[in-house]
Structure formats: C-alpha cells, structure tokens
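Chains as they are written, first to last, in the UniProt record's numbering: chain A, 1 to 342; chain B, 1 to 342.
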C-alpha cells in the first residue's frame with residue numbers, strides 16, 4: 001500500500017479478484033451485497049480503503065501488507081461492514097452470503113500455507129469460516145443455499161432459495177483442504193457428500209451438459225436473467241473439486257465426475273483457434289459473449305484450475321507408480337491438495 | 001406519505017417503477033448507478049427517503065404528495081444525489097445515464113398532463129431534461145449512447161460505448177410528446193430520426209428478430225451476460241414509439257415498423273395458454289425465464305403499451321373516417337399522443 005515500508009518481500013498473490021469488495025451484486029452469487037451502513041466508511045484496523053488504480057489481482061503484496069489487508073477484511077466480515085460503503089436499505093433482510101466465509105477461508109488457507117506462525121494465528125478464524133459455510137447446508141442436508149440468515153436459518157423468498165452450484169463446489173474444495181489440514185475424516189466425507197456430489201446432481205444440465213449458473217432450491221424459475229448460462233469458472237472450480245475429492249478419497253465416482261466436467265469444459269469453453277477460454281455460453285453451449293476477459297473474467301480461475309489439476313494429476317501418477325501392483329487398490333491419500341494453488 | 005394531510009385527492013400513478021431509486025445497477029440500462037456519496041443521506045426538500053413497504057408502483061399518491069416527491073427527485077437529479085445513499089467509489093468516471101433525464105421528462109409529462117399550472121411550473125425542467133437526453137446522440141448523430149459525461153461527451157471504454165435500443169426508443173416517445181406539446185416540428189423530425197429509426201436499425205436482430213437488450217456502439221461484444229436476450233419492455237416501448245411516430249408524421253415506414261415489432265411481440269412474448277406476457281426470451285426467441293412477474297417485471301409496461309396503442313389506433317381510425325376520401329393522403333397530426341398514458 002502507498003507509503004508503507006514493507007518488512008518482508010515475500011510476495012503474496014491475492015485470492016479470487018471477483019470476491020473483492022466492490023459495487024453492486026456479487027458477480028458469482030447474484031446476491032445483493034452484504035448490507036452495510038450509509039455512514040462514512042469506517043476502516044478501523046489499518047485504514048485500508050478500496051482505491052483507484054490497477055486491479056488488485058495484478059498487485060503483488062508483501063506479506064506484511066497482505067496481513068494488514070487480511071486484518072481489515074476480517075474486521076469488515078466479523079465486526080462492521082459499514083466501511084465498505086455499501087448502502088443499507090431499510091427492509092432488506094439481514095443475510096449471510098456464502099461468498100463471505102468461503103473467500104475468507106481461502107485467504108486463511110493461502111496466508112497460512114507457507115508460514116506456520118500465520119497458520120496458527122488464523123486457525124480459529126479458519127474454524128469460524130468453516131462453521132459459517134457449513135450453515136449453508138439446509139433442508140435436512142438436501143440443498144446448499146447461497147444465502148442464509150445470520151444464525152443459519154433459511155431465508156424466505158427467492159433470496160433464500162437461491163443456489164449457485166459452482167460456488168458450492170468451490171466452497172467444497174476450500175472446505176476439503178481445511179478438513180484435510182485438520183485431519184478430520186468425518187468433515188472430509190461430509191464435504192464430499194454435501195458440497196461436491198449434491199451441487200453436481202442438482203446443478204448439471206441433463207439436456208445440454210454443463211453446470212447451470214443459478215438455480216432455485218424449489219425448482220422454480222430463478223429471477224436472474226443469466227441463470228441457465230454456462231460460465232467458465234464453475235467448471236474450473238468443479239474440476240479442482242472433483243480431482244481433489246478423488247485424490248483424498250480414492251472414490252472412482254469422483255474421478256469420473258472430474259472427467260465429465262473436464263470433457264465438457266475443454267470441448268465447449270476452449271477456443272481452439274486463438275487459445276484461452278471463452279467465459280460465457282448459452283444453455284445449449286453456444287458462445288454467448290466472445291470476450292476472453294471482462295469485468296469479472298480475468299487471469300485467475302483458468303490458471304489456478306490448470307496449475308492445481310496438473311499438480312494433483314502428477315501426484316496421483318506418482319502414487320500409482322509407487323503402488324505395489326496394478327489393481328491392488330488405490331494408495332492412501334497423502335493430501336496432495338495441500339501443495340496446490342501456489 | 002405517512003403523516004401528511006393530503007390537500008388534493010386526485011390520485012397520481014407513479015411512472016416506471018424500474019426507474020425508481022434503488023440499489024445496484026439500473027435494471028434497464030445495466031449501467032452502474034449514478035455516483036452518490038457515502039455520507040449520511042441528505043434529503044433536503046421534504047425529507048423523503050426510500051422506505052420499506054409495498055412497491056411504490058402500487059401506491060396511489062395525492063397530487064400534493066406527488067409534487068413533494070417530484071421536488072425530492074429533482075433535488076437528487078439536479079442538486080445532490082448523495083441522499084440516495086449510493087456509494088461513490090474513487091476512480092469511477094462522472095457520467096450521466098440517459099435514464100435519469102428521460103424518466104424525469106416522463107414525470108414532467110405525467111404531472112403536467114391534467115394541470116396547466118403544474119405544466120407551467122415544470123416547463124423549464126422539461127426543456128432541461130430534453131436537452132440532457134439529446135446530448136446522448138453522439139458520433140455525428142450516428143449513435144445514441146446510454147452514458148455520456150456530465151458535459152455531453154462520449155466516455156471512454158465500454159461504459160461509453162454502451163447502448164440500449166429499447167431505452168432509446170422509450171426516450172424517443174417521451175421526447176416526441178415533449179416536442180409535440182411544444183409545437184416544435186424540427187425537434188419532432190430529429191427525434192423520429194435519432195431515437196426511433198436509428199436504434200431500431202442497429203438494435204433489431206436480423207437473424208432471429210426482436211430487439212437486442214444491450215449493444216456496443218463499435219459492434220464489439222457487450223460485457224453484460226444478457227446482452228443478446230429479448231426482453232418484453234423494449235418491445236412494448238417500441239410499439240408505442242412507432243405508433244406515436246406514425247400518428248405524428250404520417251410516415252408509412254413507421255407504421256410498418258410498428259407492425260413488425262407488434263407481430264414479433266405478440267408471437268413471442270404472449271403466453272397463449274395462461275395469458276400475460278413472458279418477460280425474458282433468449283436470442284432465438286425461446287422463453288428463458290418462465291416467470292410472468294419478478295423484481296423488475298411488474299404490472300406496468302404491458303398495460304401502458306396496450307392502453308396507449310389502443311388509444312392511438314382508435315384516434316387514427318377516427319381520423320381516417322374523417323378523411324375526405326380513401327387515398328387522399330394522411331390527415332394532419334392532431335397529437336393524439338397527448339391524450340395517452342393515463
């Protein structure tokens with residue numbers, strides 16, 4: 001940040017740029033922004049504010065700066081969101097978007113990855129994030145809902161019924177890494193069941209393939225105009241999630257799902273002529289927007305997906321090479337995922 | 001409004017509910033909301049604020065209350081928008097969305113329609129709105145742009161290139177009523193050329209019919225996911241605009257366009273099984289959202305369109321009956337539009 005003197009030069013690449021504080025509805029969830037106040041922005045911890053300039057995704061922060069920004073974000077999430085400057089309209093229900101704890105969990109994961117002291121500092125925060133994400137499993141475990149009340153109850157109306165299969169799958173692999181790090185087999189199995197298999201079952205288009213962008217938990221028509229479109233990022237998140245689930249559990253059904261998603265993804269999103277992926281297809285899989293980048297599609301989801309999948313596939317091949325003999329069963333998981341996403 | 005004692009019981013139905021102050025991007029323009037401040041809301045004239053409760057479109061206001069609300073809106077538009085509570089993010093360009101002056105012009109029209117004193121009070125405001133709308137004709141008269149700078153210059157980037165054909169057509173008939181009321185033949189011809197014919201030429205889908213929702217003035221791919229969808233309201237606004245243009249000018253090309261839009265509209269949007277119109281079709285004309293109402297589709301555009309078109313068609317038939325003989329030419333305009341939209 002301007003005017004600070006970095007104490008560490010270890011660069012930290014910020015997490016998902018589409019989840020940074022911004023204006024308007026969250027691009028991945030389609031939900032109204034978390035309610036803040038109309039008072040002048042309060043920026044308690046370090047006085048950070050959204051600033052003009054190059055997109056944050058392109059900034060490399062020193063670790064000290066990253067920790068300061070993390071403190072600010074935690075303050076916004078757990079103490080007082082009014083510093084984000086988002087208007088609080090009377091009558092809007094108090095709700096928690098799953099985006100908030102899940103992106104925070106990913107930040108905990110990233111910051112603690114190469115620093116045991118930081119990992120320790122953020123351990124309680126990570127557990128808090130995981131608990132909040134798990135509250136989004138509703139309806140006797142039969143649906144992941146994007147928005148719930150502050151105390152984890154289903155909200156009324158289409159806000160409460162709103163589902164985002166790609167977001168649930170992304171939360172799934174964030175949670176799976178958390179569960180693996182904690183060595184919690186019960187949580188690992190729960191996450192695979194509720195955040196990987198369940199969103200895929202409801203979210204995969206049986207007619208045209210691909211994951212729907214938004215759904216309604218009662219099967220009603222969503223109110224978002226783009227609900228039936230197929231976006232690149234839910235598919236890249238699904239590839240990571242299923243390959244991580246397979247690496248962890250050895251369940252061949254998860255490998256099959258990885259393959260199914262990858263096959264659709266490389267067939268439909270990839271541009272064989274000029275490279276890169278298209279970002280936005282209509283329900284039938286036709287390219288709806290020819291842009292390769294835009295306000296929300298940047299250089300983030302695709303490289304993260306490819307790097308993590310390549311690393312996980314490499315680790316799986318190494319484990320197969322170490323197995324006693326072909327067909328003797330899948331070697332035990334050694335959490336290759338823990339090395340991913342650097 | 002609560003606690004006020006109405007001095008007049010003449011009810012006033014508010015104008016387009018989708019244009020009322022709200023949260024997030026404007027539903028018709030897809031543009032970022034007009035920049036306000038993050039300070040506490042300022043509500044100078046009468047202390048009106050966005051309130052919870054039933055949608056404003058369902059409220060009948062007394063004339064006194066309507067005038068008070070109008071004063072508040074004018075203050076927000078011309079003096080200080082910070083009372084709307086919308087966050088001002090640093091780096092966002094100061095821009096004027098065409099939605100603001102055009103909806104205000106429609107309010108001027110509605111409030112002055114049955115009250116000559118009010119019409120006089122708002123005359124200067126109406127002229128101001130018209131001048132601001134006309135600033136959105138850019139590129140040597142070859143494009144109507146949804147957003148321009150405060151002093152009427154094209155903005156850089158996709159914000160500046162953003163086009164909304166249905167919005168331009170709606171602004172067209174607002175302006176046409178204004179020009180007819182003022183008895184300004186030059187303005188009438190200009191409006192028909194720039195706000196009726198031009199947006200239709202660029203906005204009509206040559207492959208599948210229907211008006212695109214959003215376009216880019218350079219023919220690039222818009223960044224809005226729903227840009228190629230066909231929405232009900234641009235078509236209802238186009239029907240009004242072309243029928244009003246024909247009623248005013250007698251140009252058969254405008255009658256032909258009215259018919260072309262109406263034929264598409266009643267074929268594609270109408271639900272022959274359960275009545276009402278669907279609101280959202282994909283590019284090919286397939287129903288994309290089965291809802292008949294939603295956050296933005298209410299009981300407004302369809303009845304306004306049907307009532308105004310019925311009235312204008314009736315007036316045209318009356319004029320034909322009064323014409324000396326068939327084929328002797330179109331009778332002169334007598335501004336039937338001035339009676340519309342009650």
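Quick reminder that beta carbons are idealized off the backbone N, C-alpha and C, glycines included.
By the criterion of at least three beta-carbon pairs nearer than 8 Å, the segment 122 to 137 of chain A is in contact with the segment 171 to 178 of chain A.
For residue 217/B, there is no enclosing beta strand (DSSP E), as DSSP gives it neither H nor E. If you look at residue 65/A, you'll find it in the alpha helix (DSSP H) that goes 63 to 78. Closest in C-alpha terms to residue 152/A, from the list 259/A, 139/A, 158/A, comes 139/A. Its chain contains 112 as the residues whose beta carbon lies nearer than 6 Å to that of residue 119/A, once the 5 sequence neighbours on both sides are disregarded; these appear in chain order. Under the 8 Å Cβ criterion, the segment 247 to 256 of chain A does not count as touching the segment 204 to 224 of chain A, having fewer than three qualifying pairs. Contact note: residue 226/B reaches chain A through 225, 226, using a C-beta cutoff of 8 Å and chain order.
Counting every other CB atom within 10 Å of its CB across the protein chains shown gives residue 109/B a total of 16 or more, marking it as buried.
Around the C-beta of residue 303/B, fewer than 16 other C-beta atoms lie within 10 Å, and the residue is accordingly described as exposed.
Here DSSP, grouped into helix, strand and coil, assigns residue 274/B to coil.
By alpha-carbon distance to residue 77/B, the top candidate from 307/B, 107/B, 90/B is 107/B. By the Cβ criterion, the segment 183 to 196 of chain A is not in contact with the segment 156 to 167 of chain A, since fewer than three pairs of Cβ atoms, one from each stretch, lie closer than 8 Å. Pairing residue 123/A with residue 295/A, the inter-Cα distance amounts to about 33 Å. Residue 136/B carries a coil assignment under DSSP once its states are collapsed to helix, strand and coil. Residue environment analysis places residue 274/A among the exposed positions, since fewer than 16 neighbouring C-beta atoms fall within 10 angstroms of its C-beta.
The alpha-carbon separation between residue 306/B and residue 255/A amounts to approximately 56 Å. According to DSSP, residue pairing for residue 230/B in a beta bridge involves 281/B. The C-beta of residue 142/A has fewer than 16 other C-beta atoms within 10 Å across all chains shown, which makes the residue exposed. Under the DSSP definition of a beta bridge, residue 204/A partners with 211/A. Beyond the five residues adjoining it in sequence on each side, residue 261/B comes within less than 7 Å, by CB distance, of 235, 238, 239, 242 in the same chain, given in chain order.
Residue burial annotation: residue 156/A is exposed, with fewer than 16 other C-beta atoms found within 10 angstroms of its C-beta. At the C-beta level, residue 227/A and residue 301/A stay beyond 8 Å of one another. In the displayed model, residue 163/B falls within a strand according to three-state DSSP. Non-local beta-carbon contacts of residue 196/A in its own chain, meaning distances under 6 Å to residues more than five positions away in sequence, involve 172, 241, 245 in chain order. Just so you know, the alpha carbons of residue 308/A and residue 220/A end up roughly 35 Å apart. Taking a contact as a CB-CB distance under 8 Å, the pair residue 209/A and residue 285/A counts as one, their CB atoms being some 7 Å apart. Per DSSP, the beta-bridge partners of residue 143/A are 138/A. Just so you know, the alpha carbons of residue 179/B and residue 277/A end up roughly 49 Å apart. Per the DSSP secondary-structure output, residue 197/A pairs with nothing in a beta bridge. Annotation: the continuous alpha helix (DSSP H) that includes residue 321/A extends over 301 to 322. The three-state secondary structure of residue 150/B, taken from DSSP, is coil.
Close to residue 280/B, with beta-carbon spacing below 7 Å, are these residues of chain A in chain order: 225.
In this structure residue 257/A is in contact with residue 200/A, their Cβ atoms being roughly 6 Å apart against a cut-off of 8 Å. Residues of chain B with a Cβ closer than 8 Å to the Cβ of residue 86/A are, in chain order, 87.
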